[in-house]
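Below is one structure; the comments refer to it alone.
Protein chains: 2
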Amino acid sequence: MSGKLIIVGTGPGNPDQTTPQAIAAIEASSVFFGYGPYLDRLTLRDDQRRVASDNREELARAKDALHTAASGEKVCVVSGGDPGVFAMAAAVCEAIEAGPPAWRALDVEIVPGVTAMLAVAARAGAPLGHDFCAISLSDNLKPWTVIEQRLRAVASAGLVIALYNPISKARPWQLGTAFAILREVLPWGTPVIFGRAAGRPDEAITVVSLADADAATADMATCVIIGSPETRIIEREGMAPLVYSPRSTGGAK
Amino acid sequence: MSGKLIIVGTGPGNPDQTTPQAIAAIEASSVFFGYGPYLDRLTLRDDQRRVASDNREELARAKDALHTAASGEKVCVVSGGDPGVFAMAAAVCEAIEAGPPAWRALDVEIVPGVTAMLAVAARAGAPLGHDFCAISLSDNLKPWTVIEQRLRAVASAGLVIALYNPISKARPWQLGTAFAILREVLPWGTPVIFGRAAGRPDEAITVVSLADADAATADMATCVIIGSPETRIIEREGMAPLVYSPRSTGGAK
Numbered sequence: 001m002s003g004k005l006i007i008v009g010t011g012p013g014n015p016d017q018t019t020p021q022a023i024a025a026i027e028a029s030s031v032f033f034g035y036g037p038y039l040d041r042l043t044l045r046d047d048q049r050r051v052a053s054d055n056r057e058e059l060a061r062a063k064d065a066l067h068t069a070a071s072g073e074k075v076c077v078v079s080g081g082d083p084g085v086f087a088m089a090a091a092v093c094e095a096i097e098a099g100p101p102a103w104r105a106l107d108v109e110i111v112p113g114v115t116a117m118l119a120v121a122a123r124a125g126a127p128l129g130h131d132f133c134a135i136s137l138s139d140n141l142k143p144w145t146v147i148e149q150r151l152r153a154v155a156s157a158g159l160v161i162a163l164y165n166p167i168s169k170a171r172p173w174q175l176g177t178a179f180a181i182l183r184e185v186l187p188w189g190t191p192v193i194f195g196r197a198a199g200r201p202d203e204a205i206t207v208v209s210l211a212d213a214d215a216a217t218a219d220m221a222t223c224v225i226i227g228s229p230e231t232r233i234i235e236r237e238g239m240a241p242l243v244y245s246p247r248s249t250g251g252a253k
Numbered sequence: 001m002s003g004k005l006i007i008v009g010t011g012p013g014n015p016d017q018t019t020p021q022a023i024a025a026i027e028a029s030s031v032f033f034g035y036g037p038y039l040d041r042l043t044l045r046d047d048q049r050r051v052a053s054d055n056r057e058e059l060a061r062a063k064d065a066l067h068t069a070a071s072g073e074k075v076c077v078v079s080g081g082d083p084g085v086f087a088m089a090a091a092v093c094e095a096i097e098a099g100p101p102a103w104r105a106l107d108v109e110i111v112p113g114v115t116a117m118l119a120v121a122a123r124a125g126a127p128l129g130h131d132f133c134a135i136s137l138s139d140n141l142k143p144w145t146v147i148e149q150r151l152r153a154v155a156s157a158g159l160v161i162a163l164y165n166p167i168s169k170a171r172p173w174q175l176g177t178a179f180a181i182l183r184e185v186l187p188w189g190t191p192v193i194f195g196r197a198a199g200r201p202d203e204a205i206t207v208v209s210l211a212d213a214d215a216a217t218a219d220m221a222t223c224v225i226i227g228s229p230e231t232r233i234i235e236r237e238g239m240a241p242l243v244y245s246p247r248s249t250g251g252a253k
């Protein structure tokens, strides 16, 4: 079998944050599967074909991509950020496990990228400077009770929290409820960072206290980082503050 | 003040995984501070100066770098991986907060990179495909009791765990104890990935069950990923298995 499937992370959206490995993988592929806006970021040649799909059709897209690779094509599945973080790599693995034996024999490669929380953290200081976690607020694929339980557990244990998929038209209330839960566990002065489109021309980084965190500040392109009880803010005259989590800790809350 | 301090993440060590933004930042800097082996990866010009230090001297290095930037130099602080993940960005912020007011007025920029857990995950499948956390096993700067409490909390809540700084000469027993703690909370069949030097010529990716996980498999260049109870292994004939955490979950353990 001569087909190949490569799952590429293009980074947060600033071309300067896309790795040479990702660029080379894109140049070597012939058919591209992905969410339309991610495919729009690529500059493809006339001999390269794109198959755009909606961002809620990940498993169907993974199956289509595997079918195409199994037919002998060089297939590229495109994710923004890193393909292994709430993105296409897991969807492709699910499809392989449930699919025909031929899919297990395919040459599958995954190219990592800079994921959103790292790009947001870099613009804000070092909020992920100590133990942290990444949690998706999407309850399409897990019950909300699990999300709530996880938020309480990690906040109580003193981890910084990066929230992916914080809000969407189909998911309007979850982020506000998450803030309400975290206000029961964390000091109200804990810094919260809304990081929208980090590194892109339309970037917006907002730092507020947990008390003042308003879900309406976030949109689909936002990664929200909630500090631990030890996360600090350094004010700077005429410049954005630096938010950081010290490398040392006395103990969890 | 014309000085500048830029904190750069060079990625996991494969030059193809260093972003163009990091390369440009390195080219524009005149004095480089960092752990010797990270500086050794750079190709510097004759007019660029390097100041190497030991990997346990992060705060002193941050202060030296800030002093030099405040004197008007273009200073680059170099981290492997991402500078915001258990690396120099937090140390620089700590030094700024405790330092003279002039340091707060400095132009400070942080360039993100592909952090080790993403590079390891990409080589193993999609083990970070659902909620996950990153915890440092270094107890230089936090009490071991806090680490133990965090491990129990996140494993019980169903998060995948990436362990940074798992082992060193000064830290010989912590990883073995971490496995023992996790065996009290997680199914013994949970996949464990030892990812050494991912993406580099001396790469070694090993997948075992939690029951068989042996701390001696890790060294200082290893990132250890421990699955959640839902993490799965897809066996493939003649190829390494794919380890992945499904996007959906029925509930935490």
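Residue numbers (the UniProt record's numbering), protein chains in the order written: chain A, 1 to 253; chain B, 1 to 253. Every residue, glycine too, gets a C-beta built ideally from N, C-alpha and C. As the structure is a prediction and not an experimental result, all values here were calculated from the model.
DSSP beta-bridge partners for residue 26(A)? Residue 26(A) is not bridged to any residue.
Give a yes or no on whether the C-beta atoms belonging to residue 97(B) and residue 31(B) are separated by under 8 Å. Against a cut-off of 8 Å, the Cβ pair of residue 31(B) and residue 97(B) comes out as no contact.
For chain B, find out if any of its Cβ atoms is closer than 8 Å to the Cβ of residue 64(A); answer yes or no. Between residue 64(A) and chain B, the shortest Cβ-Cβ separation is not below 8 Å.
For residue 18(B), name the three-state secondary structure that DSSP assigns. DSSP places residue 18(B) in coil when its eight states are reduced to three.
Which residues in chain B sit within 9 Å of residue 132(A), going by Cβ to Cβ distance? Residues of chain B whose Cβ lies closer than 9 Å to the Cβ of residue 132(A) are, in chain order, 85, 133, 134 and 135.
Going along the chain, which residues of its own chain have a beta-carbon closer than 6 Å to the beta-carbon of residue 112(A), five neighbours each way excluded? Once the five neighbours on either side are set aside, the close Cβ partners of residue 112(A) are 9 and 82.
Does any C-beta atom of chain B lie closer than 8 Å to the C-beta of residue 236(A)? When Cβ-Cβ separations below 8 Å define contact, residue 236(A) makes contact with chain B.
Within the region 72-151 of chain A, ranges of the beta strand (DSSP E) (whole runs, at least 3 residues): Counting only runs of 3 or more, we get 74-79, 107-111 and 132-136.
To the nearest whole angstrom, what separates the beta carbons of residue 178(B) and residue 163(B), a pair I think is in contact under 8 Å? Correct: roughly 7 Å between the Cβ atoms.
Could you tell me which of 142(A), 149(A), 158(A) and 136(A) sits nearest to residue 145(B), measuring between CA atoms? In this structure, 158(A) is the residue among 142(A), 149(A), 158(A) and 136(A) with its C-alpha nearest to the C-alpha of residue 145(B).
Compute the Euclidean distance between the alpha carbons of residue 192(B) and residue 215(B), then round it to the nearest angstrom. Straight-line Cα distance between these residues: approximately 11 Å.
Check whether chain A comes within 8 Å of residue 4(B), counting only Cβ atoms and requiring the distance to be less than that. Output row for residue 4(B): interface = no.
Roughly how many angstroms lie between the CA atoms of residue 240(B) and residue 85(B), to the nearest whole one? About 28 Å.
Thinking C-alpha only, which one of 63(A), 126(A) and 104(A) is nearest residue 88(A)? The option with the nearest alpha carbon to residue 88(A) is 63(A).
Got a sec: is the Cβ-Cβ distance from residue 35(A) to anything in chain B below 8 Å? Among the CB atoms of chain B, none fall inside 8 Å of the CB of residue 35(A).
Taking the C-alpha atoms as reference points, what is the distance between residue 116(A) and residue 195(A)? Straight-line measurement puts the Cα of residue 195(A) at about 9 Å from the Cα of residue 116(A).
From what residue to what residue does the beta strand (DSSP E) around residue 61(A) run? Note, residue 61(A): premise wrong, no beta strand (DSSP E); alpha helix (DSSP H) at 58-70.
Put residue 247(B) into one of helix, strand or coil per three-state DSSP. Correct three-state label for residue 247(B): coil.
What are the partner residues of residue 204(A), as DSSP defines its beta bridges? DSSP lists 196(A) as the bridge partner or partners of residue 204(A).
Taking 8 Å as the threshold (beta carbon to beta carbon), is residue 129(A) in contact with chain B? Chain B, which has a Cβ nearer than 8 Å to the Cβ of residue 129(A), makes this yes.
Below 8 Å between beta carbons is the criterion; list the residues of the region 92-112 of chain B that meet it against any residue of chain A, in chain order. Of all residues in the region 92-112 of chain B, only 92, 93, 94, 96, 97, 104, 105, 108, 110, 111 and 112 come within less than 8 Å of chain A when Cβ atoms are compared, listed by chain position.
Rounded straight-line distance, which links the Cα of residue 91(A) to that of residue 221(B): Taking the straight line from one Cα to the other gives about 29 Å.
According to DSSP, is residue 162(A) part of a helix, a strand, or is it coil? Strand, per DSSP.
Please check if any C-beta of chain A sits within less than 8 Å of the C-beta of residue 245(B). Chain A, which has a Cβ nearer than 8 Å to the Cβ of residue 245(B), makes this yes.
For residue 102(A), is the classification buried or exposed, using 16 other Cβ atoms within 10 angstroms of its Cβ as the cut-off for buried? By the neighbour-count rule (16 or more Cβ atoms within 10 Å), residue 102(A) is not buried but exposed.
With hydrogens ignored, establish whether the beta-carbon of residue 155(B) is closer than 7 Å to any heavy atom of the ligand GTP. What this structure holds is no ligand at all, so the ligand GTP is not there to describe.
First and last residue of the uninterrupted alpha helix (DSSP H) at residue 180(B): From DSSP, the alpha helix (DSSP H) with residue 180(B) extends over 174-185.
Residues in the same chain with beta-carbon distance under 7 Å from residue 218(A), minus the five sequence neighbours each way, listed in chain order, please. Correct list, in chain order: 166, 167, 175, 194 and 224.
Measure the Cβ-Cβ separation of residue 234(A) and residue 104(B) and say whether it is below 8 Å. Less than 8 Å divides the Cβ of residue 234(A) from the Cβ of residue 104(B).
Inter-residue Cα distance where the pair is residue 148(A) and residue 12(B): A straight line joining the alpha-carbon of residue 148(A) with that of residue 12(B) spans about 33 Å.
Can a CB atom of chain D be found closer than 8 Å to the CB of residue 70(B)? Among the protein chains of the structure shown, namely A and B, there is no chain D.
Does the beta-carbon distance from residue 160(A) to residue 79(A) come in below 8 Å? No, the pair does not count as a contact, with Cβ atoms beyond the cut-off.
State yes or no: is the C-beta of residue 29(A) within less than 8 Å of the C-beta of residue 76(A)? Yes. Within cutoff.
Is it buried or exposed, residue 114(B), if we count other Cβ atoms within 10 angstroms and call 16 or more buried? Counting Cβ neighbours within 10 Å, residue 114(B) comes out buried, since at least 16 surround it.
Determine the closest residue to residue 140(B) out of 24(B), 57(B), 124(B) and 238(B), with distance taken between C-alpha atoms. That would be 57(B), whose Cα lies nearest to the Cα of residue 140(B).
Using the DSSP secondary-structure output, state which residues sit across from residue 42(B) in a beta bridge. In the DSSP secondary-structure assignment, residue 42(B) is not bridged to any residue.
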